[in-house]
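Quick mapping for you: the protein sequence lines, in order, are chains A and B. For what it's worth, the numbering used here labels the leading residue of the first sequence as 1128, then goes sequentially. For what it's worth, the numbering used here labels the leading residue of the second sequence as 1128, then goes sequentially. C-beta: ideal position from N, C-alpha, C; glycine also. Fair warning: this is a prediction, and the values are worked out from it, not measured in the lab. Below is one structure, written out as structure tokens, with a few remarks after it.
Protein chains: 2
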Amino acid sequence: MQIDKIDRAWRGAERCKHCAIRHLVLFSDLTHEDFDRIHQPIDDMEFEPGQRLYYQGENISSVYTIRAGLIKLVQHLPNGDRRIVRLLSQGDLAGLESLNGQVADHDAVCLDLVQVCRLPVSLIQRLQKETPNLHQGLINRWQKALSGADNWITRLSTGKARQRVARLLLLLDQASTDDFFFLPTREDMGAMLGITTESTSKATAEFRRLGLLKKLGQNRAWIDAEALQQQFC
Amino acid sequence: MQIDKIDRAWRGAERCKHCAIRHLVLFSDLTHEDFDRIHQPIDDMEFEPGQRLYYQGENISSVYTIRAGLIKLVQHLPNGDRRIVRLLSQGDLAGLESLNGQVADHDAVCLDLVQVCRLPVSLIQRLQKETPNLHQGLINRWQKALSGADNWITRLSTGKARQRVARLLLLLDQASTDDFFFLPTREDMGAMLGITTESTSKATAEFRRLGLLKKLGQNRAWIDAEALQQQFC
DNA sequence: ATTCGGGATTTAAATATTTCAATGCCTCAG
DNA sequence: CTGAGGCATTGAAATATTTAAATCCCGAAT
């Protein structure tokens, strides 16, 4: 794994206090005193598309807070099948399973330019003991991951292929902050939906012919959410 | 909802201290002093097959520890589609989302005779503040639910119908403590796998003809796990 | 501007799944 | 014992998806 940049200019949590997206991250409820308990360095890291934060089966000792970008969690079966089981974006945590001492359940692969903060498990565990202000944040994120997984099953793994593709596009659109959204490759979309690349392509091509989906440069796209929802969900 | 029995003979946590399956439940790490902090009644409840612990969208104020039996979590979509997203059994928690103040994400429906203990959310939250001994148990259960959901996606919602049915049977078999296991209706199995009742039936019938699956009375069944795994996964 | 390479899209044929409509089978109430 | 009701199973036809094999298209590099 090639890590592009690790910025350790600030030791400990000095920078955390001034983090621009602090209200979105795990540490949002910490007090100033809590921050002073953080003596280990929290690395600010950047990953290129295609790089992995960690591999399925790897023994990881950190949790990652996503500051920017999109990450796919890929799970492999013994027989070689693989499935994307979740997408992570700003404010989500990757590698939660490390808090239970488990090895990674998935490959965590960056889809675009990703910025994360790496939080050592030992730090999280110590903070949990010393301050109650972390709990709710952790619980919330766990719960969000779980309901995300449930939705993945109900919305993205149920029904006809076209319907699933429509639901995925709607989900990507909703998750995006601007008018447009990141459109994964057809192969990745297929792996999210449990259908083939070709079936995915057929659906997106159809939506495009209907004017419900427009591709812009750079993996970005736009949909007519109303109409798509109306006609295909 | 018809609740068969609520046994409140013991107030507070007196009975918890002597619970036969305490090592499996959320309170396993509590100390004797911790138990003395429990002043609210913890109801011991029993449900018949088909009864619901709660409904999707319902505002629930308790978490349920499963002592015995099997529960399906059913999620409904606006368009009427529905999917079973998880099965809960001994030691699992139902209604975790109530800890975040959310309404229930699913219907929790009993598949067989179910025994649960009902833990008020307010109790959990207070204990969380007063003792650190609950955290790990909670974290562990959240994590178990999450990796269960991931597996549900990767193993039960991916691949051909026959393969999914085989994987479900293997999973039911593994989860069981004895040689046999609870075999749900074909309809429920279909709802777990995202396929039709008929497709499920065709698969189980085929396994039965091959001698890999045998039905015993009362929803119980046996499989030749080795062979099933070998030939269909 | 031109070429190259990697996705994306298409098509037709092969499979798989769903639909729909009958039976079949088992249990339980009477 | 017997019939009724509720699942389960089966078969055939209608659809949907996958497979396999060409193109097609677009952006990056020359």
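So, for phenylalanine 1359 (chain A): in the same chain, excluding its five sequence neighbours on each side, which residues have a beta-carbon less than 7 Å away from its beta-carbon? Result list for phenylalanine 1359 (chain A): Arg1289, Gln1290 and Ala1293, in chain order.
Taking three-plus beta-carbon pairs below 8 Å as touching, is the stretch 1209-1225 of chain B in contact with the stretch 1156-1167 of chain B? Judged by Cβ distances under 8 Å, the stretch 1209-1225 of chain B makes no contact with the stretch 1156-1167 of chain B, as fewer than three pairs qualify.
Taking contact to mean at least 3 C-beta pairs separated by less than 8 Å, is the stretch 1241-1256 of chain A in contact with the stretch 1165-1179 of chain A? Verdict: yes, contact present.
Taking Cβ-Cβ distances below 7 Å as the criterion, which residues of the stretch 1315-1331 of chain B are in contact with chain A? Against chain A - using a Cβ distance shorter than 7 Å - the residues of the stretch 1315-1331 of chain B are Gly1321.
With threonine 1281 (chain B) as the anchor, note down where its beta strand (DSSP E) starts and where it stops. From DSSP, threonine 1281 (chain B) is part of no beta strand (DSSP E) but of the alpha helix (DSSP H) over 1262-1283.
Please classify glutamine 1202 (chain B) as buried or exposed, where buried requires at least 16 other C-beta atoms within 10 Å of its C-beta. buried
Just how far apart, CA to CA, sit glutamate 1333 (chain B) and leucine 1238 (chain B)? If you take the alpha carbons of glutamate 1333 (chain B) and leucine 1238 (chain B), they lie about 24 Å apart.
Threshold first: 4 residues or longer. Then list the alpha helix (DSSP H) segments lying entirely within the stretch 1144-1219 of chain A, N to C. If we require 4 residues or more, the alpha helix (DSSP H) runs fully inside the stretch 1144-1219 of chain A come out as 1159-1163.
Under a three-way DSSP split, which group does aspartate 1232 (chain A) fall into? Three-state DSSP puts aspartate 1232 (chain A) in coil, outside helix and strand.
If isoleucine 1198 (chain B) sits next to leucine 1215 (chain B), beta carbons under 8 Å apart, how far is it from one beta carbon to the other, in whole angstroms? 4 Å
Return the Cβ separation of tyrosine 1191 (chain B) and valine 1243 (chain B) in integer angstroms, given the expectation that the two are a contact with Cβ distance under 8 Å. 4 Å
With 16 as the cutoff for other CB atoms within 10 Å, does glutamine 1282 (chain B) come out buried or exposed? According to the sequence displayed, residue 1282 (chain B) carries arginine and not glutamine. Around the CB of arginine 1282 (chain B), 16 or more other CB atoms lie within 10 Å, so the residue is classed as buried.
By the 7 Å beta-carbon criterion, what residues does the stretch 1183-1215 of chain A contribute toward chain B? Listed in sequence order: Gln1202, Leu1204, Asn1206, Asp1208, Arg1210 and Val1212.
Whether or not the stretch 1255-1273 of chain A and the stretch 1262-1276 of chain B are in contact is what I'm after, with contact meaning three or more pairs of Cβ atoms, one per stretch, closer than 8 Å; do they touch? yes
Could you tell me which chain A residues have their CB closer than 7 Å to the CB of threonine 1285 (chain B), listed as they occur along the chain? Asp1208, Arg1210 and Gly1321
For the 8 Å Cβ check, are there 3 or more pairs between the stretch 1329-1346 of chain B and the stretch 1293-1308 of chain B? yes
Give, in chain order, every unbroken run of the beta strand (DSSP E) that is at least 3 residues long and sits entirely within the stretch 1322-1346 of chain B. Fully enclosed beta strand (DSSP E) runs of 3 or longer: 1340-1343.
Residues bridged to glutamine 1242 (chain A) by DSSP? A:Glu1173 and A:Ala1195
Cutoff 7 Å; reference glutamine 1183 (chain B); Cβ partners in own chain excluding five residues on either side: Gln1202, His1203, Ala1231, Asp1232, His1233 and Asp1234
Using only CA atoms, which one of A:Arg1142, A:Gly1228, A:Asn1260 and A:Arg1149 lies nearest to aspartate 1219 (chain A)? Measuring from the Cα of aspartate 1219 (chain A), the nearest candidate turns out to be A:Arg1149.
With 16 other Cβ atoms within 10 Å as the buried cut-off, status of histidine 1145 (chain B): Histidine 1145 (chain B) comes out exposed.
Closest Cα partner of alanine 1221 (chain B) within the set B:Val1152, B:Ala1147, B:Asn1260 and B:Asp1156: B:Val1152
How is phenylalanine 1308 (chain B) classed by DSSP in three states: helix, strand or coil? strand
Just the Cα atoms here: how many angstroms apart are threonine 1258 (chain A) and aspartate 1171 (chain A)? 23 Å
Starting from threonine 1281 (chain A), find everything on chain B with Cβ-Cβ shorter than 7 Å and list it in chain order. Result: Gln1202, Leu1204, Arg1210 and Val1212.
CA-to-CA distance, alanine 1330 (chain A) to lysine 1287 (chain A), given in whole angstroms: 10 Å
Could you check if isoleucine 1195 (chain B) is buried or exposed, using at least 16 other CB atoms within 10 Å of its CB as the buried criterion? Looking at the sequence provided, one finds alanine at residue 1195 (chain B) rather than isoleucine. By the 10 Å Cβ count, alanine 1195 (chain B) comes out exposed.
For glycine 1222 (chain B), the first and last residue of its enclosing alpha helix (DSSP H): No alpha helix (DSSP H) holds glycine 1222 (chain B); DSSP gives it neither H nor E.
Assumed close pair threonine 1327 (chain B), methionine 1316 (chain B) - CB separation to whole angstroms, cut-off 8 Å: The pair is a contact, with the Cβ atoms about 5 Å apart (cut-off 8 Å).
When you compare each of A:Ala1352, A:Phe1174, A:Leu1310 and A:Ile1350 to arginine 1245 (chain A) by their alpha carbons, which one comes out closest? A:Phe1174
Taking the straight line between their C-alpha atoms, what separation do you get for aspartate 1156 (chain B) and lysine 1256 (chain B)? 15 Å
With 16 other CB atoms within 10 Å as the buried threshold, where does proline 1311 (chain B) fall? Buried, because 16 or more other Cβ atoms sit within 10 Å of the Cβ of proline 1311 (chain B).
Proximal residues, the stretch 1261-1276 of chain A versus chain B, C-beta separation under 7 Å: His1262, Ile1266, Asn1267, Trp1269, Gln1270, Ala1272, Leu1273, Ser1274 and Ala1276
Work out the CA separation of asparagine 1260 (chain B) and glutamate 1353 (chain B) for me, nearest whole Å. 40 Å
So who's on the other strand from alanine 1302 (chain A), going by DSSP bridges? Beta-bridge partners of alanine 1302 (chain A) (DSSP): none assigned.
For methionine 1319 (chain A), which residues in the same chain have their Cβ closer than 7 Å to its Cβ, ignoring the five residues on either side in sequence? For methionine 1319 (chain A), the CB contacts under 7 Å within the same chain, skipping 5 residues up- and downstream, are Ile1211, Leu1283 and Leu1295 in chain order.
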